[in-house]
Structure formats: structure tokens, C-alpha cells
Amino acid sequence: MPLLTAERRRLPLYVYQKAGVRRLLKAQRLLLADDMGLGKTIQVIVAAKRLLEQGRIRRLLVMAPTSLLRNWAIEFGRWAPEVCVRIAGASSARDAFESLWGKAHVMITNYEQNRKPFDAIVQKPPELLILDEAHRVKNWQSQVAAGVGRIEADWVWALTGTPLEKDELDVIGLMSLLMPSVFSSRDRDLAPWMLRAKIRPYVLRREKGDVLSDLPPIEYRMERVELLPRQRAAYARTAAEMGTTNNTLSVFSRLREICDYDRITRDSAKIDRAVEIIEDVCSRPNCKAVVFSYLLEPLRLLGLRLADVDVPVCGIYEGSLNAKQRQTLLDDFYSVKRGVLLASMRAAGEGLSLVDANHVLLINRWWNPSANKQAIDRVHRIGQRRAVTVYVLEATNTVEDRLAEMLAGKEGLFDEVVSRLRQYSELFRAN
5 MPLLTAERRR LPLYVYQKAG VRRLLKAQRL LLADDMGLGK TIQVIVAAKR
55 LLEQGRIRRL LVMAPTSLLR NWAIEFGRWA PEVCVRIAGA SSARDAFESL
105 WGKAHVMITN YEQNRKPFDA IVQKPPELLI LDEAHRVKNW QSQVAAGVGR
155 IEADWVWALT GTPLEKDELD VIGLMSLLMP SVFSSRDRDL APWMLRAKIR
205 PYVLRREKGD VLSDLPPIEY RMERVELLPR QRAAYARTAA EMGTTNNTLS
255 VFSRLREICD YDRITRDSAK IDRAVEIIED VCSRPNCKAV VFSYLLEPLR
305 LLGLRLADVD VPVCGIYEGS LNAKQRQTLL DDFYSVKRGV LLASMRAAGE
355 GLSLVDANHV LLINRWWNPS ANKQAIDRVH RIGQRRAVTV YVLEATNTVE
405 DRLAEMLAGK EGLFDEVVSR LRQYSELFRA N
């Protein structure tokens with residue numbers, strides 16, 4: 005399995021990406037926590053290629069969400085075409101995987117396959133283990149995290165722009181996978197500044213505003229709407245149940261749903277406002293929009309309404325689509341000069357580049373601000389050449405007021421523990 009070292013034509017790395025590659029080559033354990041959209045995948049592939057060329061590793065294993073497996077193979081083909089890559093997805097049988105192990109430089113698989121790691125991986129572990137979207141394994145009590153912990157790789161690189169989503173235990177859980185002898189659940193008792201100091205040697209964090217001088221600006225617009233009369237009546241009836249049931253979480257979730265639309269009447273102040281915004285966006289030349297929602301029904305309703313006003317809708321990017329269907333939908337979106345992509349926040353919030361759009365609408369927001377930011381950063385990232393406008397739709401005098409307060413609190417904790425880790429220097433700044 006010889007590795008060719010002849011140089012192939014490649015796009016140039018940004019200055020901060022070159023610094024990231026250098027850091028990776030020196031670090032056998034590293035959490036690459038760069039802001040979303042800064043090219044973590046590219047940095048890791050270039051660094052891994054150099055380790056292979058230097059003979060410091062012979063094989064590596066990439067674990068990623070299922071939806072991103074093909075993307076990893078494409079990026080290896082682009083940045084390290086001489087490297088032999090194989091994908092073992094959810095449909096791959098265990099014996100098929102084990103027959104391929106050791107016959108390729110790179111194996112790419114998903115986390116679910118490794119709730120119980122393949123025997124070949126445990127018995128003959130990779131020299132380098134790459135954990136993409138590593139926040140997926142932040143809970144060390146999960147089966148997947150336990151399975152990952154059994155793989156005794158010499159090098160472990162974890163990639164995530166959101167190492168802290170809920171509280172300090174998120175980042176502690178990630179660090180315990182990287183350095184189990186150094187980090188444990190006891191670290192939750194540390195003050196935020198002490199935790200930050202402890203993890204700093206093992207984390208590389210850069211943010212877009214620090215290193216990309218040419219990234220277009222982003223503008224946030226809070227679009228506060230009043231529930232329509234029949235929506236408000238449905239909301240009041242559901243809210244009255246809050247004191248009569250022990251399942252307050254279920255009632256809270258129903259209230260949030262009514263903020264988006266009323267199941268019975270299909271009334272929706274948010275959809276009405278979204279149609280107005282999108283009509284305006286699509287009336288401009290070469291303008292496209294991506295609409296995110298963690299619920300699918302508001303997207304379906306919006307799609308029907310947009311069809312009535314002759315706005316091109318490329319479809320709904322959601323979890324039930326297979327890889328081919330997803331790619332076809334994206335190709336359609338890339339090919340039109342004006343139009344809208346409707347997207348499930350869960351399915352489309354990671355790994356995609358949607359820089360063809362320059363407007364983002366959030367019909368609703370998820371419980372943690374990192375998930376919302378991930379969705380927005382599908383559009384505001386490397387490759388974006390136009391100013392980006394983000395519209396956040398919020399129903400006034402509802403539970404969404406409380407949600408906004410919760411999100412603000414979590415953003416403050418993220419800033420205290422993670423954002424202050426960022427390394428900023430004029431040397432990192434792109435020209």
C-alpha cells in the first residue's frame with residue numbers, strides 16, 4: 005500500500021489553517037474547536053496526509069455522523085487524492101469492514117457502528133483516530149462514547165465547533181475521551197476560569213471574526229410576531245393545562261409548536277411573515293434563502309404557501325432522505341438563480357456548505373445556541389462572498405420569551421469557557 009508523495013494541485017490554505025496543521029502535527033491529543041465554517045476537515049486531512057507521508061502512521065479511522073461520511077471521502081479526494089479511502093456506512097456488514105481494515109490508509113465509519121467497536125479495530129487499532137462533530141460523544145455514559153473509549157489509538161483528534169452545548173460536563177466529557185488520565189467528572193466542580201485553564205493546552209480554538217478579514221458581515225433581525233387569533237386561543241387552552249398535569253415538558257413542547265402553527269386551523273403568524281420575507285428576498289437578482297426549522301410541519305406549510313406565490317422551492321432537506329436524494333436536492337438549489345431551500349435543523353445543521361444563499365430564516369430555535377449557530381454557519385462560512393442576513397422569527401408573549409432568556413444564559417457560559425480559549429494573532433489572519 006505505497007503512499008505517493010508527488011504534489012497534486014491543491015487550493016491554498018489560509019494562514020490560520022496552516023497554523024492549525026502545524027499544531028495538529030505536534031499534538032497527539034487535540035480538540036480542534038475552531039468556529040464552524042473555518043475548515044476543520046481540511047486542516048485535519050492535510051495534517052493526516054503528512055503523518056502518512058512521514059511514516060508516522062500507517063492507517064487512520066474517521067468517525068462521523070452518517071450524513072457526513074461521503075463528504076469526508078470527497079474532501080480526502082480533493083486534498084489528499086493519493087490516499088486510499090474506504091467508507092463503511094450503516095449498511096456495511098461487520099465482516100466486510102474487517103476484511104477491508106488494514107487494506108486502506110483511511111476508513112470512514114459512523115458513530116452508531118461503534119457502540120460495540122469492530123474486533124479488528126480493538127485488536128489492531130488505528131494509529132490515528134479522528135472524531136468529527138465530536139459533540140456527538142460528549143456523554144461518556146453513552147454506548148457510543150464507551151465504544152470510542154475502547155479504541156487505543158496513538159493519536160486522537162476531535163473536531164467540533166460546539167464543545168459546550170448544555171453545560172461544563174459537555175466539554176469535560178470530550179476531554180475525558182482525549183485524556184482519560186487527566187479529566188474526569190470531578191472537573192465539573194472547577195470554576196469556569198479554572199476549567200478553561202486546565203483544558204487550554206489540549207484545545208485549539210479560532211473564531212471567524214479573528215482570522216478571516218474578508219468574511220462578509222452578518223446581520224441579525226429579530227422578527228417578532230403576534231399569534232393570530234385562533235392560534236392565541238389554542239395557545240391559551242394548552243397553557244391552561246400546565247397546572248393540571250405532571251407532564252409539563254409535554255405541554256411546554258406543545259406550546260412551542262403552537263407558536264409555529266396551530267395543528268387544527270393551520271394558522272401561523274410565523275409562516276405569514278416568512279412568506280413576506282422570502283418574497284422580498286427572491287424579488288432581488290441572484291438572491292437565495294435557506295429556511296431552518298427543527299420541526300418538519302412548519303416547513304411543509306411554508307412550502308405550500310410559497311408555491312401559491314410562485315417562489316421556487318427546491319424541496320425539504322430532512323433526515324428521511326437518502327444520500328442520493330440529498331445530493332439531488334442540493335444540486336437543484338445550486339443550479340437556480342433564485343429560490344429557497346427548506347431544511348431540517350437536525351439534518352442540515354452539520355457539514356453542509358450553503359454559501360449560494362445569502363439569507364437565513366429560523367422559523368424556531370433549538371434549546372442550545374450552538375445548534376442554532378451551526379445552522380446559520382452553513383451559509384456564513386468560507387466561500388461566502390455576500391453579506392448575510394439572518395431572520396429569527398419569535399412569537400411575542402409566549403414561552404419563546406423564556407427560551408430567549410435560556411439561550412442567552414447558555415451563550416454566556418460558552419463565552420466564559422470556550423470563546424475565551426480562542427487564539428488570536430495577526431499571524432493567523434487571512435489576507
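Final position of the sequence shown in the numbering used here is 435; the numbers increase by one with none missing.
Built from N, CA and C at the ideal position, the CB exists for glycine as well.
Would you kindly work out how many angstroms separate the C-alpha atoms of E398 and E283, rounded to a whole number? Distance between the alpha carbons of E398 and E283: 19 Å.
List the endpoints of the continuous beta strand (DSSP E) containing K292. 292-297
How about N362 and V394: are their beta carbons less than 8 Å apart? no
Is R190 closer than 8 Å to E172 when the C-beta atoms are compared? no
Range of the contiguous beta strand (DSSP E) that encloses C318: 317-321
Which partner residues does M111 have in the DSSP bridge list? L65, R90
CA nearest to the CA of E245, picked from Q235, R258, R234, P233: R258
Option in R82, L303, G343, R54 with minimal Cα separation from L29: When each option's Cα is compared against that of L29, the closest is R54.
Tell me which same chain residues have a C-beta within less than 6 Å of the C-beta of P16, skipping the five on either side of it? none
What separation, rounded to the nearest whole angstrom, lies between the Cα atoms of A138 and L163? 6 Å
Is G343 helix, strand or coil when you go by DSSP? strand
Using 10 angstroms around the beta-carbon of L365, count the other beta-carbons present and answer buried if the total reaches 16, otherwise exposed. buried
Nearest-angstrom beta carbon gap, L346 and G307 [assumed within contact, 8 Å]: 6 Å
Measuring CA to CA, which of T166, R33, R26, T113 is closest to P373? T166
Quick check: the stretch 337-356 against the stretch 288-296, are there 3 or more CB pairs under 8 Å? yes
Since Y265 is in the alpha helix (DSSP H), which residue starts that stretch and which ends it? No alpha helix (DSSP H) contains Y265, which DSSP labels as neither H nor E.
Can you tell me whether DSSP reads R288 as helix, strand or coil? Coil at R288, not helix or strand.
Any idea what DSSP makes of H363, helix, strand or coil? strand
My output table needs one value for R12: the three-state DSSP class, helix, strand or coil. Confidence at R12 is low in this model, with a pLDDT of 36, below 50, so the placement of that residue is unreliable and no value is reported for it.
Considering only the beta carbon of each residue, do A124 and W105 sit closer than 8 Å? yes
May I ask you to list the residues that DSSP assigns as paired with M183? Per DSSP, none; premise fails for M183.
Give me the Cβ distance between R226 and V396, rounded to the nearest whole Å; I'm assuming they're in contact under 8 Å. The sequence given here places Met at residue 226; Arg does not occur at that position. So it is a contact: roughly 5 Å between Cβ atoms.
Cβ atoms of P69 and R140: under 8 Å apart, would you say? yes
W144, enclosing alpha helix (DSSP H) - first and last residue: That residue, W144, is in no alpha helix (DSSP H); it is neither H nor E in DSSP.
Given 8 Å as the limit, is there contact between the stretch 42-51 and the stretch 307-322, that is, 3 or more CB pairs closer than that? no
Using beta-carbon positions only, say whether H109 and V126 come within less than 8 Å of one another. Between H109 and V126, the C-beta gap is not smaller than 8 Å, which leaves the two residues out of contact.
Uninterrupted alpha helix (DSSP H) stretches inside the stretch 167-221 (no shorter than 4 residues): DSSP runs (the alpha helix (DSSP H)) wholly in the stretch 167-221: 172-182, 196-203, 212-215.
Count the other CB atoms, across all protein chains shown, that sit within 10 Å of the CB of A238; report buried if there are 16 or more and exposed otherwise. buried
Spell out the partners DSSP gives V392 in its beta bridges. I222
Starting from I380, trace the alpha helix (DSSP H) in both directions and tell me its first and last residue. 373-380
According to DSSP, is S429 part of a helix, a strand, or is it coil? Any answer about S429 is weak, because its pLDDT of 40 lies below 50 and its placement is not dependable; what the coordinates show is given next. Three-state DSSP puts S429 in coil, outside helix and strand.
From the DSSP secondary-structure annotation, give me the bridge partner or partners of L35. A162, V207
Check whether the stretch 259-279 touches the stretch 319-326, taking contact to mean three or more Cβ pairs, one atom from each stretch, closer than 8 Å. no
Mind checking who E398 pairs with in its DSSP beta bridge? R228
Do A327 and R74 have their CB atoms nearer than 8 Å? yes
Boundaries of the alpha helix (DSSP H) in which L132 is found, first to last residue: Segment 132-135 is the beta strand (DSSP E) holding L132; no alpha helix (DSSP H) there.
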